[in-house]
Structure formats: C-alpha cells, structure tokens
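Taking it in order: structure first as structure tokens, then the write-up.
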Amino acid sequence: MKNLALLILTVFILGACSNSSNKQGGEKAGTSKVTLTAAGATFPMPYYNMVFKNYTSEFGTLLTYGGIGSGGGIRSLTDKVVDFGATDAYLSDDKLAAMPAEVVHIPTVLGAVVIAYNLPGVDGLKLSNELLEKIFMGEITKWNDAAIKANNEGLALPDMEITFVHRSDGSGTTYIFSDYMTKISTKWADAVGTGKSLQWPVGMGAKGNPGVAGTISQTEGAIGYIGSEYAFAQKIQTALVQNSAGNYIEPSIASVSAAAKGEIPADTRIMLTNSADPESYPISGFTWIILYKEQNYDGRSKDQALATVTFLDWLVSADAQGQAEKVHYAPLPDAAAEKAKTILRSVTFDGLPLLK
Amino acid sequence: MNSAAKITAANLSRRTLKDKLFKGLVLFLSLITISPIVLIIYKLVAKGYRQISLEFIIKTPPNTFEAMTALSNGELIPGGIANGITGTLLMVVLASVIAIPVGVITGIYLYENPGKPLANLTRNISDILQGVPSIVLGLIAYMWIVKPITSGFSALAGSVSLSIMMLPMIVRSTEETLKMIPQSIKEAAVALGVPYYKVILRVLIPTGFSGLLTGILLGISRILGETAPLMLTALGSSVINMDITKPTSAVPLLIWEFYNDPNMVDLIWSSSLLLMGMVLTLNLVSKRIAARTK
Amino acid sequence: MNLGKLQAKQFSQLLNVHQMNSDKITKGVLLLSSFVILFVAGGMIFSLVEGAIPALKSFGLSFIWSNNWNPTEGKENYGALPFIAGTIITSVAALLISLPLSFSVSLFLGEYYRGTKIAKVLGTMVDLLAGIPSIVYGLWGFYVLRPLLIDLGLPNQGFGIFTASIILAIMIIPYATSLSNEIITMVPNELKEAAYSLGATRSEVIFSVVVPSARSGIIAGYILSFGRALGETMAVTMLIGNANIVPDGFFSTGNTMASVIANQFGEADGLKLSSLIAIGLLLFLLTGIINAIGKFIIKRMG
C-alpha cells in the first residue's frame with residue numbers, strides 16, 4: 000500500500016516538474032499553449048519528428064505526431080480527432096467524396112523507393128524495366144541469368160537464387176513501387192496492379208522498412224524495395240533504374256527532387272513515378288498532409304485553425320525544406336512549394352481565408 | 000527375505016528409480032526453459048547497457064539527425080526516454096486503478112458462486128478476453144473513448160485498453176487462489192458472526208495475498224510492453240505529458256518509433272532493458288510486500 | 000429481567016438486520032463487478048459486429064472457409080481460412096511446447112527447490128519474461144533465433160509457423176508458470192505429509208496429491224497462456240513470413256489472425272478494414288470455441 004502511494008506520488012511530482020519545464024518552453028515564444036495533433040504515414044516519420052520538434056523549440060506550439068499508417072491518418076481526420084493527417088497516397092476522387100467535408104492535400108516532402116540488394120562485391124547493378132518485370136514476377140530466378148548479365152557487362156554475377164523480399168504490411172512505399180511497376184509493365188499491371196498491399200506473385204514478406212532491410216542484409220542474393228531515407232541512412236547496396244528518358248539513374252536527393260520538376264496539378268494530387276525529367280529517379284513520390292478546407296468544425300477554435308495553417312505554411316517554406324536533405328529526404332522543388340502555399344491560402348475559417 | 004518382502008523391495012527400488020528419473024526430467028526441462036531466458040536477457044544487456052545513464056531517464060528522445068550525427072561520430076546517441084517512462088507510469092497506474100478492483104472483486108464473486116450460470120458465463124468471457132489481440136482492444140478504446148469522450152487521442156483511452164488487457168489474469172488468479180484457501184478458515188470467521196465484507200477484507204484477501212499479487216504482477220508486466228493498442232489510443236508525444244486527456248508517449252511506443260527510424264534502432268535494446276528493469280523492480284517490491292503480509 | 004431480555008433480543012435482531020444489509024450490499028458489489036466484464040465484452044462484440052457487417056454482407060459465411068485474400072483494388076476478395084489455420088496451428092503448437100516446460104519449472108519452484116535462493120532467482124527471471132515487449136521478442140527472434148534455425152536447416156530464411164510457435168511458447172511460459180507455482184505452494188502441507196508418511200516418493204506425492212489439489216489453478220494458468228498465444232501480434236508478425244496461404248506443413252510460412260490485423264490495419268479502409276474487423280470477431284468466437292473444447296476434454300479426463 001505504502002509503496003503504491005509512493006509510486007503515485009513520484010509520478011505526480013515528475014508530472015509537476017515537467018509541466019513547469021513545458022511552461023518555460025512556451026514562455027519563450029509568448030504564444031498561448033496551442034497543441035497540434037497529427038497522425039498518419041510512417042514513411043516521413045523521421046523527418047516529421049525532427050522538423051516538428053524544431054518548430055516547437057522555435058515557435059512554442061507543441062506538435063504530436065503518431066506514425067500509425069496512412070490509413071490511420073485518414074481515419075483520424077475523418078473522425079476529427081486530429082488537426083491534420085498524413086498520407087503517402089493521395090485520396091482518390093471516391094475517397095475524397097466519402098470524407099465528411101472538403102479536404103485539401105499539401106505535399107510536404109519527397110521520398111523515393113530504392114531497389115536494394117545483397118550481392119557482396121557487385122556494386123552498381125543496372126536493372127532495366129524489362130529486368131525488373133521479369134525478376135519481380137518470378138520469371139528470372141538466378142542472378143547469373145543471361146539477361147541480367149547482358150545488361151551488366153563487367154559485373155561478376157554469381158550463380159545464386161534471387162530471393163525477393165517485399166513488405167508484409169500495407170504501406171505507402173509499396174504503393175509507389177507498384178505504381179511504377181504498373182506504368183512500366185503491362186504484365187504487372189494486369190496481374191498485380193497498384194496498391195498499398197498486393198497479391199505478390201513471388202517473394203516473402205517482412206514487416207516494415209527495417210524488416211525488409213534486415214532480411215536483405217542477412218540474405219545473400221536477396222533483392223527488395225525500401226524507402227530511400229532508410230536505404231541512404233543504412234548505406235545499403237542500391238540498383239540503378241532506368242527512367243522514362245532511358246537514363247540509368249542512381250537514387251539521390253537531386254535525382255528524387257528532379258522527379259517533381261514536371262507539371263503538377265493545382266491540387267497537387269499526382270504520382271511522380273516514371274516522370275519525364277531526364278535526370279529524375281523514376282520511383283519517387285510526394286507525401287502529403289491532409290486537412291479540412293473549412294476549419295470551423297466541431298467547435299474548433301480560430302486559434303487552433305490559425306496555428307494549424309501557420310505551421311503548415313512553415314513546413315513548406317525554405318526553412319523547413321532545407322532540413323530535409325540532412326536526413327535523406329528530398330525537398331519540394333519551388334513550383335510544388337508555391338502550389339502548396341496557394342492551397343494553404345484557400346483554407347478558411349467561417350468562409351474567410353486564415354492566411355494572407 | 001521372504002517373497003513378499005522381496006517384491007516390496009523390488010517395487011521400492013523401481014519406484015525410487017522412477018522418482019529419480021522424474022526429478023531428472025524436471026531439472027532437464029527447467030534447464031531448457033532457462034536457456035532462451037538467459038539468451039534474451041543477455042542480448043538485451045549486451046546491446047543496451049551502454050546507453051543506460053541518468054540522461055537516458057530524464058531526457059526526451061533525440062531527432063533522427065542528432066542520432067545520425069552521433070552514430071557517424073561513433074558516439075552514444077544523446078537523449079533519453081523520459082516521456083515514455085512517465086507516460087508508461089501514468090497509464091499503467093491508471094489502468095491498475097481501474098482493473099485491480101474490478102478484477103479482484105469479480106474473482107471473489109466467481110469464488111463465492113461456483114456453479115451459477117452467471118458466474119460460469121463471466122469466467123468464460125474473461126478467458127475469451129485474454130485471447131483478444133491487443134490491437135482490437137485498442138480499436139475498441141478508440142471507438143469508445145478517443146472519438147466520443149476525449150475527442151482526440153488520450154492517455155485515458157490508452158489506460159482503458161490496457162485495463163481490459165489486465166482483467167482476465169487478475170480475475171482468474173484471484174479465483175484460483177481463493178479456492179486453495181482451506182474452507183475451515185473461512186467457516187471459522189463466518190461462524191463467529193463476522194459480516195461478509197469483513198470476511199473478504201480481513202480473512203480471504205490477506206490469506207490469498209501472494210496469489211492475488213502474482214496475478215496483478217502478471218497483468219502489469221504484460222501491459223508494460225504493449226504497443227499496438229497505444230498506437231490507436233495514446234498516439235505518443237515528444238514531451239512529458241501528465242494530462243490524461245491528451246496524447247501521451249509510452250516506452251513501447253518509443254520502441255516502435257525507434258524501430259522505424261533508420262538512425263535510432265540501437266535505442267530499442269536500452270529501452271527494453273529499462274522496461275525490464277521496471278518489471279524487475281516491481282517484482283522485487285511486491286515480493287517484499289507479500290513476504291511481510293505472510 | 001424481562002426488560003433486559005427484551006432489550007438484548009432487540010439488540011441482536013438489530014445486529015442481524017445490520018449484518019444482513021451489509022451482506023446484501025457486499026453481494027451486490029460482487030455481482031456488479033462481474034457485470035462490468037460482461038458489459039465490456041458485450042460492448043466489444045457489438046462494436047466488432049458493427050464494423051464487420053460490410054464484409055459479412057459482401058462475402059457471407061463463405062468468408063470463413065475462403066482461401067482467397069486479394070487486396071488488389073477492383074478485384075477485392077477476402078477470406079479468413081489461411082489466418083484461422085495459422086492461428087490454430089501456432090497457438091496449439093506453442094501451448095504443447097510450453098506445457099512440459101512451464102510445468103517443470105513450476106514444480107522446480109514450488110516443490111523441489113521451494114524457498115531456496117535459486118528458486119527465487121529462477122522465479123524472477125521467468126517473471127521478467129512477461130515484461131519483455133512483444134516487439135523485442137520479434138526482434139530477438141529475427142536476429143538471434145532465425146539464424147540459429149537457418150543453420151539447423153530451416154527453409155524460407157527461417158520464417159514460418161515453426162519459428163513463430165517457438166517464440167510464442169517462450170512468451171507464454173511465465174503465465175502458466177507463475178500461476179501454477181503459486182497454486183502449488185498453496186497445497187496444504189498436511190495432505191503431502193500424510194502421503195509421505197505412507198511411504199510415497201516425491202514424484203508420487205506430486206502426482207497423487209499436489210497435482211489433483213492444484214488441478215484447477217494449473218489448468219487456469221494454461222488457459223491464460225493459450226489465450227495469450229492466440230492474441231499475440233507483433234512477435235508473430237515478424238517471424239511468420241506473412242504468406243496468406245493455408246500452411247502446407249509445419250515449416251511453411253503462413254499468417255495468423257492477430258498478425259494480419261496488426262499488419263494491415265494501419266493502411267486499411269473500406270471493405271478491407273471491415274474484413275479485418277470480421278477476422279477480429281472470428282477470433283473472439285474461435286477463442287470461445289477452443290476454450291470450451293479444452294474445458295470439456297479436461298472435465299472428461301477428470
């Protein structure tokens with residue numbers, strides 16, 4: 000009994016200390032204690048965690064982000080239990096229509112899906128569209144297959160089974176990957192298609208980027224797809240992929256950003272895979288934040304709405320975008336950032352725009 | 000020796016052999032059971048001990064860039080899991096406050112009403128609840144609390160999902176412990192005219208305290224390490240939060256975040272080590288309490 | 000005196016009424032508490048049914064035995080059979096593996112080395128197992144157990160039903176052990192001494208006196224362990240290979256109901272979400288059915 004009381008007392012003392020230290024953080028900026036809550040995609044989570052914290056220490060508004068998956072983010076926004084959601088795949092027209100009110104998309108950063116593999120001593124593997132199709136549909140099963148050899152003269156390809164590792168959980172990374180495969184291969188489009196989870200023709204499933212990366216690094220002869228921020232940070236062997244201009248491109252910040260250089264619709268809902276820019280890495284994509292266009296819902300305060308759009312405006316500004324590169328995400332090119340800012344200025348409270 | 004004695008003697012040596020073999024089997028299987036335990040604990044300690052420090056307990060986690068810089072410099076990752084520790088404590092305490100009274104009292108009810116259909120139903124339902132995946136309980140708490148009551152993710156919702164998870168263990172261990180108390184003790188108290196509630200509070204619970212505590216401990220240990228339900232209810236937080244109507248972090252949630260971050264994977268082991276430390280402390284403290292009441 | 004006797008009688012009647020009232024209140028509180036559990040379970044089933052209706056309407060009862068799980072948009076078709084099979088196989092296997100182990104340890108702690116230092120250390124270590132997060136079990140299984148099994152010749156990169164069952168068995172050991180241990184130590188000494196005085200050996204006392212006395216508690220421990228195995232998500236999902244097929248052997252890959260819910264829930268919506276909730280509901284039912292079968296068998300054996 001006594002110990003239980005002691006424990007509870009300790010917990011409350013800790014709480015009191017933390018509240019006072021939190022207050023000090025808020026005092027710095029002089030703003031009221033507004034807290035923003037968001038939930039959604041795990042793909043941008045490392046980047047969001049970093050920039051959200053930096054925003055808090057600079058401006059005082061506390062931000063909480065939960066990486067529960069894009070579906071969770073959309074659901075949370077639908078249920079109005081968050082200020083905004085985050086999703087790797089933009090909402091289709093049907094899904095937009097199903098939302099309780101009009102929703103806008105704000106692209107926040109670019110990422111890519113890299114083709115990772117484990118072949119010690121074999122760097123710079125070039126995989127053409129045809130090779131990708133044949134490997135991932137199970138038609139080529141060995142690394143020293145004639146077709147792979149023909150495309151990679153000079154590389155010592157071993158007589159080893161190809162083990163394909165894909166994601167077992169639904170994910171935006173799978174979505175971008177399958178969207179690309181659908182665009183470059185009619186066989187894939189017919190048999191598998193695009194989606195966050197798929198009916199895979201071959202291969203084994205591992206959970207999350209870490210699961211796939213871990214399995215690949217522990218299995219010689221393995222090949223799979225991983226989110227770029229993960230592959231860059233862990234320095235995993237990545238293959239060069241052919242973009243629509245025919246160039247073999249290595250995934251990098253520059254080549255990923257280049258994928259967004261083309262025409263982007265006003266509402267920014269577009270897949271950037273297989274884009275036309277000759278320097279672009281073809282398996283790239285935006286990740287978006289979604290929020291309601293009319294912010295006065297469910298007794299929401301104007302302060303809360305203003306804090307939300309002010310933050311998002313900062314997120315697409317050069318200040319935040321400059322931090323993306325440090326953690327292996329590609330920043331929005333100027334055109335995309337401009338469109339994002341325009342959309343933010345269309346977000347209203349009681350019909351009047353919140354930002355100038 | 001006559002033949003009867005010979006048979007008895009042979010019988011005895013056969014029974015003694017069986018006895019020795021059985022003991023050997025028990026020891027052997029216990030040894031097999033220990034091996035994974037030792038392996039797991041060793042792995043956690045070996046990979047995690049370096050990160051444990053005062054800073055680890057009182058600071059909040061670093062961001063991925065700070066971790067990346069530290070890794071490339073060969074240093075220890077800065078920061079800690081303070082927000083997770085306080086969040087876990089907050090939600091576990093709240094969950095216990097909900098689950099312990101309900102669980103113990105239900106266990107007493109089951110013990111007092113053994114054959115009754117309602118009791119059987121309750122017991123069966125309690126056993127079934129044990130098998131519900133934690134993510135489903137999280138979903139339920141999301142529907143009942145996050146949406147209608149707190150209009151947002153909250154520690155309260157997290158605590159509710161955790162408390163449902165604790166219930167079956169507390170209910171069952173209470174019932175089974177009380178069943179082992181010799182009837183004579185209870186009957187003596189009743190015969191003395193002691194009112195029912197006093198029999199429970201002064202006789203049954205103290206006598207069965209050790210068993211009750213075991214069930215409570217098991218329940219708490221389990222919820223200390225649960226991630227899935229908290230993702231849908233408490234969501235997480237980058238700072239220490241003690242407000243139960245707001246999103247809160249927890250050590251398992253932080254472990255999930257570290258898992259998904261390419262630079263912070265190493266923190267998983269030290270965080271688990273800390274959790275194990277909490278379980279160990281809890282175990283030792285409660286065994287002390289149990290010993291004192293014996 | 001008459002007046003005194005009357006007062007005494009009234010007083011004792013007053014006491015009796017008081018006692019009866021307080022007893023009634025106590026009984027009421029007990030009853031209320033058990034209603035809480037029934038209410039929670041009832042609410043859960045209601046919410047689950049609500050969420051599962053779209054899937055059940057689309058697929059009907061064939062959902063239960065359909066082998067097809069196709070999440071491709073436009074061709075969506077969901078069936079729960081692979082997961083039901085995976086769940087049953089892994090949980091039963093985990094229970095069977097852990098049964099002799101946890102029984103031995105509880106005898107070690109409760110009988111053979113009762114009260115000794117080594118029992119205290121071992122007991123604490125077993126209790127620690129219960130506090131390890133399931134994600135850490137998954138990681139340990141991924142980085143330590145899997146390579147070990149690959150070396151032993153396991154196919155599929157060490158993923159599969161077998162690996163998942165082993166990790167489940169380790170995870171559920173503390174539940175049966177702790178509870179059995181407690182109950183075994185509560186067997187009255189007089190019963191044991193009576194048997195010893197008749198010349199019984201240690202193991203004979205265990206099987207003729209201790210186990211029958213503690214039977215109910217020991218079984219309750221296993222029911223709790225089994226439930227834990229049925230509902231475990233994270234550790235299984237990292238080791239089972241996540242193949243949405245009915246396993247064709249103990250070493251093949253597969254999937255369980257809890258694991259598929261955990262894996263797909265974050266990204267699911269519409270029909271898929273409803274199918275996942277339907278699987279959750281089915282798991283509820285499955286647990287009930289298996290528990291009932293188990294209890295029936297035990298009753299028969301008793």
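In the order they appear, the protein sequences are chains H, G and C. Counting from 1, position 319 in the first sequence corresponds to residue 318 in numbering that gives the first Met the number 0; the numbering is continuous, with no gaps. Counting from 1, position 46 in the second sequence corresponds to residue 45 in numbering that gives the first Met the number 0; the numbering is continuous, with no gaps. Counting from 1, position 96 in the third sequence corresponds to residue 95 in numbering that gives the first Met the number 0; the numbering is continuous, with no gaps. Backbone N, C-alpha and C fix where the C-beta goes; we use that ideal spot for every residue, glycine too. The structure presented is a predicted model; accordingly, all values stated were derived computationally and were not measured.
Next on the checklist: Under 7 Å, CB to CB, which of the residues in the stretch 47-72 of chain C have a partner in chain H?
Outcome noted: ASN69, PRO70, THR71 and GLU72
Checklist entry - Since MET203(H) sits in a beta bridge, which residues does DSSP pair it with? => result VAL164(H)
Next on the checklist: Spatial neighbours of ASP158(H) within its chain, please: C-beta separation below 8 Å, excluding the five flanking residues on both sides.
Outcome noted: LYS141, TRP142 and ASN143
Checklist entry - Is it true that the CB of SER133(C) sits closer than 8 Å to the CB of GLY224(G)? => result yes
Item to check | Interfacial residues, the stretch 146-162 of chain G to chain H, with Cβ spacing under 7 Å | outcome: LYS146, SER150, GLY151 and PHE152
Next on the checklist: For PRO81(C), tell me which candidate among ALA267(C), ALA242(C), ALA291(C) and LEU282(C) has the shortest Cα-Cα distance.
Outcome noted: ALA242(C)
Checklist entry - With a Cβ-Cβ cutoff of 8 Å, do ALA85(H) and GLY72(H) count as a contact? => result yes
Next on the checklist: Quick check on GLU254(G): buried or exposed, where buried means 16 or more other Cβ atoms within 10 Å of its Cβ?
Outcome noted: The sequence as given places Ile at residue 254(G); Glu does not occur at that position. The residue is buried, with at least 16 neighbouring Cβ atoms inside 10 Å.
Item to check | Contact with chain G by LEU35(H), beta-carbon distance below 8 Å | outcome: no
Checklist entry - Alpha carbon to alpha carbon, how far is THR252(C) from LYS197(G)? => result 56 Å
Checklist entry - At a Cβ threshold of 8 Å, is ASP260(G) touching chain H? => result yes
Next on the checklist: For GLN156(C), would you say it is in contact with chain H, using Cβ-to-Cβ distances shorter than 8 Å as the test?
Outcome noted: yes
Checklist entry - What is the DSSP secondary structure of PRO70(C), reduced to helix, strand or coil? => result coil
Next on the checklist: Comparing C-alpha positions only, which one of LEU272(G), THR121(G) and ILE124(G) sits nearest to LYS42(G)?
Outcome noted: LEU272(G)
Item to check | Inside the stretch 256-314 of chain H only - beta strand (DSSP E) runs reaching at least 3 residues | outcome: 283-291
Checklist entry - Are at least three pairs of beta-carbons, each pair with one atom in the stretch 240-251 of chain G and one in the stretch 245-264 of chain C, less than 8 Å apart? => result no
Next on the checklist: Report the CB separation of TYR46(H) from TYR280(H) in whole angstroms; it is logged as a contact under 8 Å.
Outcome noted: Contact flag wrong, Cβ pair sits at about 18 Å.
Checklist entry - Thinking just about the alpha-carbon of each residue, which of LEU128(C), ALA219(C) and SER212(C) is nearest to the one in SER172(G)? => result ALA219(C)
Next on the checklist: Within 10 Å of its beta-carbon, does VAL186(C) have 16 or more other beta-carbons around it, so buried, or fewer, so exposed?
Outcome noted: buried
Item to check | Whether SER103(C) touches ALA228(C) by CB criterion (8 Å) | outcome: no
Next on the checklist: So, at 6 Å on beta carbons, what are the nonlocal neighbours of ILE163(G) in its own chain, with the 5 sequence-adjacent residues on each side left out?
Outcome noted: LEU136
Checklist entry - Do GLY210(H) and MET124(C) have their CB atoms nearer than 8 Å? => result no
Checklist entry - Straight-line CA distance for GLU186(G) to LEU283(G)? => result 33 Å
Checklist entry - Can you list the alpha helix (DSSP H) stretches of 4 or more residues lying completely in the stretch 108-138 of chain G, in chain order? => result 116-129
Next on the checklist: Please list the terminal residues of the continuous beta strand (DSSP E) segment that includes PRO147(G).
Outcome noted: Unbroken run through PRO147(G): none, as it is neither H nor E.
Next on the checklist: If you follow the beta strand (DSSP E) that THR162(C) is in, where does it begin and where does it stop?
Outcome noted: Taken as a continuous stretch (DSSP letters only), THR162(C) belongs to no beta strand (DSSP E), being part of the alpha helix (DSSP H) at 160-184.
Next on the checklist: For PHE176(H), which residues in the same chain have their Cβ closer than 8 Å to its Cβ, ignoring the five residues on either side in sequence?
Outcome noted: VAL112, TYR224 and ILE282
Checklist entry - Using a threshold of 7 Å, is the CB atom of GLU219(H) nearer than that to any non-hydrogen atom of the ligand PLP? => result Absence of the ligand PLP from the depicted structure is noted, as is the absence of any ligand whatsoever, leaving it without description.
Checklist entry - Can you list, in chain order, the residues of its chain whose CB lies under 7 Å from that of PHE42(H), leaving out five sequence neighbours each side? => result ASP87, GLY110, GLY171, THR172, GLY226 and THR286
Checklist entry - In three-state terms, what does DSSP make of HIS104(H)? => result strand
Next on the checklist: Three or more C-beta pairs under 8 Å: does that hold for the stretch 80-100 of chain G against the stretch 152-166 of chain G?
Outcome noted: yes
Next on the checklist: Just to confirm the assignment, what range does the alpha helix (DSSP H) spanning THR86(H) have?
Outcome noted: Note, THR86(H): premise wrong, no alpha helix (DSSP H); beta strand (DSSP E) at 83-86.
Checklist entry - Are the C-beta of GLN182(G) and some C-beta of chain C separated by less than 8 Å? => result no
Item to check | Where GLY24(H) sits in the DSSP three-state scheme | outcome: Here GLY24(H) scores only 36 on pLDDT, less than 50, and its place in the model should not be relied on; the value that follows carries that caveat. GLY24(H) falls in the helix class under three-state DSSP.
Item to check | Test item: CB-CB of ILE137(C) and ALA234(C) under 8 Å | outcome: Rather than Ile, the amino acid found at residue 137(C) in this sequence is Gly. Contact: yes.
Next on the checklist: Residues in the same chain with beta-carbon distance under 7 Å from TRP313(H), minus the five sequence neighbours each way, listed in chain order, please.
Outcome noted: TYR54 and ALA319
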